[in-house]
Each structure stands twice: as C-alpha cells, then as structure tokens.
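Here's the structure, in structure tokens; my notes come after.
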C-alpha cells in the first residue's frame, strides 16, 4: 500500500464526512462549530484523499471526530493506518489521553487500538454513541508525583 498522511484543511474533510457518515443529511449537518480550531489529517492514495480525521485539543486531552474512509477503500487497512499514526502523534506530543464518540456498532474496531468503553452514552440522529478513551502510560509516568 502506497499512501501519504498529511495535514489538510477542515473544508477538505467535508466531502468524505458527508458521503460516508451522513449522506442523507444536508452538508451543513456534518460541519462542526469549531472546525477551524481543529487539526485535520488525510490519508492519500495516489494523490486521492480517501480517509480523514479531525482532532480537537480540550485541556490536553484530544478528541478525534469525523473519522471516515471512503466506502470503496474500507476494509483495506487505510483507516487503521491513519488512526494508528494519529494515536502515535498524540501520545508523542505528550497528551494525557485520546478519546472519541464511537458509534455503537464500531466499538470493537476502536478496542483494537487500546480505547476503552466508558459509561457515557448518548443518541444523535437516531444512532447510539459511547465515549471511548485511551490514557497514555507515558503521560502517567512523566507526571507521577511519586517518581
């Protein structure tokens, strides 16, 4: 697999968000109020943007949102590659944890990356979500009062 991961603009994420996540909703539905404050990354294959993810830092904890891969490229490992790189990036930047609002039917996928289920659940647009998170061991070790 030849691919490239690089920063993109929030507007670059919109077509994939819309097509993959909410194709039956208007484009405005998939825009986030704070999109301009986020960091957005894309995975490209042969210069074609096929997977996207958006990151939002909230007091040192990073939430990833709007993680999607074009349907034609799903099941080929590209989403896994992108999420692994993002988790490594967040951990190496020294953040405490990474978390997401996972669709209920996607939780098994996220557990492969060390994210754990919380008791926080909600419904949006008729879809059940659960908050999943991963706390980084390096952060705990580097910030322990008992070093």
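Numbering (our numbering), first residue to last: 321 to 467. Ideal Cβ positions, reconstructed from N, Cα and C, are used throughout, including at glycine.
Own chain residues within Cβ distance below 6 Å of residue i, not counting five before or after
{"i": "residue 347", "result": "338"}
{"i": "residue 371", "result": "363, 389, 398, 399 and 402"}
{"i": "residue 323", "result": "363 and 365"}
{"i": "residue 430", "result": "422 and 452"}
Three-state secondary structure (DSSP) of residue i
{"i": "residue 423", "result": "strand"}
{"i": "residue 415", "result": "coil"}
{"i": "residue 367", "result": "coil"}
{"i": "residue 326", "result": "strand"}
{"i": "residue 405", "result": "helix"}
{"i": "residue 437", "result": "strand"}
{"i": "residue 393", "result": "helix"}
{"i": "residue 442", "result": "strand"}
{"i": "residue 335", "result": "helix"}
Close Cβ partners of residue i (< 8 Å) along its chain, the five nearest in sequence each way excluded
{"i": "residue 350", "result": "334, 337, 338, 341, 342 and 386"}
{"i": "residue 354", "result": "376"}
Burial state of residue i (16 or more Cβ within 10 Å)
{"i": "residue 447", "result": "exposed"}
{"i": "residue 442", "result": "exposed"}
{"i": "residue 453", "result": "buried"}
{"i": "residue 374", "result": "buried"}
{"i": "residue 366", "result": "exposed"}
{"i": "residue 329", "result": "exposed"}
Supposed close pair residue i, residue j - CB separation, criterion 8 Å
{"i": "residue 325", "j": "residue 361", "result": "6 Å"}
{"i": "residue 332", "j": "residue 369", "result": "7 Å"}
{"i": "residue 449", "j": "residue 421", "result": "5 Å"}
{"i": "residue 380", "j": "residue 416", "result": "5 Å"}
{"i": "residue 410", "j": "residue 433", "result": "Actually they do not touch by this definition, with Cβ atoms about 11 Å apart."}
Residues near residue i by beta carbon distance below 7 Å, same chain, minus five either side
{"i": "residue 437", "result": "427, 450 and 452"}
Entirely enclosed beta strand (DSSP E) segments - the stretch 338-389, minimum 3 residues: 359-365, 368-378 and 381-389
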